[in-house]
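S.K.: I'd like to ask some things about the structure below.
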Amino acid sequence: MPSLRLPLAFFAFSQVISAVPIQRDEVSVISLAEINSYRIYAQFARVGYCPSWKTENWSCGEASNDILDFTPYAVGGDGGATPYWYVGYHAGSHSVIVGNQGSDFEQLEAFLTNANFFQNNLNSTLFPGVSTEAKAHGGFVDAQATSADAKLAAVQSVMASSVAKSITLTGHSLGRVLYYITNELEPHFITGGAISLLDALHFSLILPSASLKVVTHGLPRVGNKELANLIHSMLCYASSMRVDV
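If you count by mature numbering (1 follows the signal peptide of the UniProt record, and there is no 0), then the sequence shown holds residues -19 to -1, 1 to 226, one letter each, in order.
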């Protein structure tokens, strides 16, 4: 019954945003030079919003113009049911870059993806050996699964045909959840990086010898405590940076 779905989605949204703010750990002051070193990852995250045909030609305006030593290998997504994504090689860091689209609430399908907070098991093919106790919110799980195989194939292609020494994942909000799942039990309505977190977990299981770096922007809560523990154990050796703006 389509007429009921949107009101329910907005109801879920209204429930979540009224939650009491969670306590944060103390923050450390970092230097301006270190802050500037993360500018490039912010630009990679911005490219995630770019339509695939533009990303394929690396013609996404200021964001792509700021990174001249990047070569796209594969792109995909439609900006709706399947978020935009891209994979390529960045010569400056000798790294495979995996970028995911963040949330765009002008796209109704993306809004409903974010609002689907029912927790599901992870796909046993994409996440082999993961306990059924580890669960993530259904919208994020489904969104990541739609392009997981294509991104993995692209990453393997880049690593085979370049001198890439690592895999760097970046995204904003929904794009970022795909990277970072916290140990909070209750959902929080922020999306964008979710896909990058789940991608990172996927790569760590399928490509265990790969060196991973994750830089995400905007932190959502995407799964339960068991999933958080799994993320922390599997990615404990990964270089990670969370940027909240």
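The C-beta atom is built at its ideal place from N, Cα and C for all residues, glycine as well. All figures in this text were calculated on a predicted structure; none of them were measured in a lab.
Please name the residue or residues paired with residue 147 in a DSSP beta bridge.
M.R.: In DSSP, residue 147 forms a bridge with 76.
S.K.: Does the region 71 to 86 come close enough to the region 174 to 187 to have 3 or more Cβ pairs within less than 8 Å?
M.R.: Taking 8 Å as the limit for Cβ pairs, the verdict is that the region 174 to 187 does touch the region 71 to 86.
S.K.: Please classify residue 120 as buried or exposed, where buried requires at least 16 neighbouring CB atoms within 10 angstroms.
M.R.: The residue in question, residue 120, is buried, as its Cβ has 16 or more Cβ neighbours within 10 Å.
S.K.: Quick one: what's residue 51 bridged to in DSSP?
M.R.: Answer by DSSP bridge pairing, in chain order: 71.
S.K.: Can you give me the Cβ contacts of residue 37 inside the same chain, cut-off strictly under 7 Å, excluding the 5 residues immediately before and after it?
M.R.: Closer than 7 Å at Cβ, skipping near neighbours: 53 and 56.
S.K.: With distances taken Cα to Cα, identify the nearest neighbour of residue 149 among 19, 15, 11 and 13.
M.R.: Ranking the options by Cα distance to residue 149, first place goes to 19.
S.K.: Using the beta-carbon count (16 or more within 10 Å), is residue 34 buried or exposed?
M.R.: Counting Cβ neighbours within 10 Å, residue 34 comes out exposed, since fewer than 16 surround it.
S.K.: Just the Cα atoms here: how many angstroms apart are residue 168 and residue 114?
M.R.: Below a pLDDT of 50, predicted positions are generally treated as unreliable, and residue 168, at 32, falls in that range; the measurement from the model is reported next regardless. C-alpha separation (whole angstroms): 17 Å.
S.K.: Judging by CA-CA distance, which residue of 67, 66, 118 and 25 is the nearest neighbour of residue 49?
M.R.: If we check each option's Cα against that of residue 49, 25 comes out closest.
S.K.: So for residue 216, helix, strand or coil by DSSP?
M.R.: Coil at residue 216, not helix or strand.
S.K.: Identify whether residue 66 lies in helix, strand or coil by the three-state DSSP scheme.
M.R.: Residue 66: strand per DSSP, three-state reduction.
S.K.: Across the region 127 to 136 and the region 56 to 65, are there enough close Cβ pairs to call them in contact, namely three or more that are closer than 8 Å?
M.R.: Yes, the region 127 to 136 is in contact with the region 56 to 65.
S.K.: Count the other CB atoms, across all protein chains shown, that sit within 10 Å of the CB of residue 58; report buried if there are 16 or more and exposed otherwise.
M.R.: Classification of residue 58: buried, given that the 10 Å Cβ count is 16 or more.
S.K.: Is the beta carbon of residue 188 less than 8 Å from the beta carbon of residue 215?
M.R.: No. Outside cutoff.
S.K.: With DSSP collapsed to three states, give me the class of residue 119.
M.R.: The answer is helix: DSSP assigns residue 119 an H, G or I state.
S.K.: Between the Cα of residue 123 and the Cα atoms of 45, 146 and 104, which residue gives the shortest distance?
M.R.: Nearest of 45, 146 and 104 to residue 123, Cα basis: 104.
S.K.: What is the DSSP secondary structure of residue 10, counted as helix, strand or coil?
M.R.: Coil at residue 10, not helix or strand.
S.K.: Consult DSSP for residue 193 and reduce its assignment to one of helix, strand or coil.
M.R.: In the structure shown, residue 193 sits in a strand (DSSP, three-state: E or B).
S.K.: Identify the residues that DSSP records as bridge partners of residue 102: which are they?
M.R.: Paired residues: 116.
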